[in-house]
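Numbering (the numbering used here), first residue to last: 10 to 266. All remarks here apply to the structure that follows.
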Amino acid sequence: MKLATWNVNSIKVRLPQLLEWLPKAQPDVICLQELKAEEARFPRTELEAAGYTCAVNGQKTYNGVAIVSRSPLREVVANIPGLADEQKRVIAATVQGMRVVCVYCPNGQAVGSDKYEYKLRWFAALRNYLSAELQKQPRLAVAGDFNVAPEDRDVHDPKAWEGQVHVSGPERAAWRALLALGLKDSFRLFEQPEKVYSWWDYRMMGFRRNAGLRIDHVLLSEELAQSCTSSTVDKAPRKLERPSDHAPALAELSAPR
DNA sequence: ATGGCTACGATCCGTAGA
């Protein structure tokens, strides 16, 4: 079972790249973020032709998430239940006995801004939601764009980024509060090369200089983490013409015994 | 110099991303 997450930054623009990437990477489940499209404009037909079924929580212009899967998606739940939020950032579904939560966490814009406060409130709500989900289903995966680089080694230039949004103390504390639920950052279950990132600024030749951040993550509950055999970032789609600024992150799980 | 891309929607620039 291969689980992927990819912030596509417009499903309309990136559909050709997604359709090219799927047969190469062969993911079983893909969590997509920043669709920037309403559900009616989601390319369901094209993805079904590629062998996938979709659960979509979209909106016009901003945000929007989807889970794309080879196996049927059951018990689909959109958004964080009980959280008043116009922004479509979450969708969850059960696939092959595993609960998958796809998240597009707020950007936060700048430390101290209204959007930053919203980000921290939102993370607190996410934590409560995931805590309840774990009670119900111990086989839980949370994949998406978290907009937090958990440690300095996830940042190309920690000095330049010190105290900035995505790395600030409160954001990293919110990240650790998710781990404290018993979730593991699948990437850190393994020895990894240095300077692996999942996002690079479009400007200043960010990708060419590998000036990036690792902000796209696959979190796994203890039970799923035990069956995880690899966790990587696939930089290949970021090298194409007209790429998303994010690359896909993947985790591979062996069949449970 | 606080910029530099990219996507979107209704313009001919503003908002947002990170």
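Glycine included, each C-beta is placed from N, C-alpha and C at the ideal position.
Own chain, CB closer than 6 Å to residue i, minus 5 neighbours either side, in chain order
i	result
Cys114	Phe155, Asn156
Gly215	Trp209
With 16 other Cβ atoms within 10 Å as the buried cut-off, status of residue i
i	result
Leu139	buried
Ser230	buried
Tyr211	exposed
Thr54	exposed
Asp166	exposed
For residue j and residue i, believed in contact at Cβ under 8 Å, the rounded distance
i	j	result
Glu21	Arg50	The sequence shown places Lys at residue 21, rather than the Glu named in the question. About 7 Å separates the two Cβ atoms, so the contact holds.
Gly67	Glu47	5 Å
Leu12	Ala152	6 Å
Best match in the options for proximity to residue i [C-alpha to C-alpha]
i	options	result
Glu203	Arg162, Trp170, Gly215	Arg162
Leu222	Pro90, Glu160, Ala75	Glu160
Tyr61	Gly73, Val38, Ile224, Tyr71	Val38
Gly73	Ala260, Glu95, Leu149	Glu95
Tyr71	Asn116, Ser78, Cys111, Trp30	Asn116
Tyr206	Trp184, Val242, Leu198	Val242
Thr14	Ala75, Leu262, Pro257	Pro257
Lys244	Cys237, Pro252, Thr238	Pro252
Close-in-space but distant-in-sequence residues of the same chain around residue i (CB under 7 Å, 5 per side omitted)
i	result
Gln105	Met10, Ser80
Val164	Ala158, Trp170, Val176, Leu222
Ile224	Asp154, Phe155, Asn156, Val157, Ala158, His175, Ser207, Trp208
Beta-carbon proximity list for residue i, same chain, < 8 Å, skipping 5 on both sides
i	result
Leu92	Trp131, Ala134, Tyr138
Gly191	Leu143, Ser230, Glu231
Three-state secondary structure assigned by DSSP to residue i
i	result
Ala141	helix
Arg83	strand
Asp194	strand
Gly60	coil
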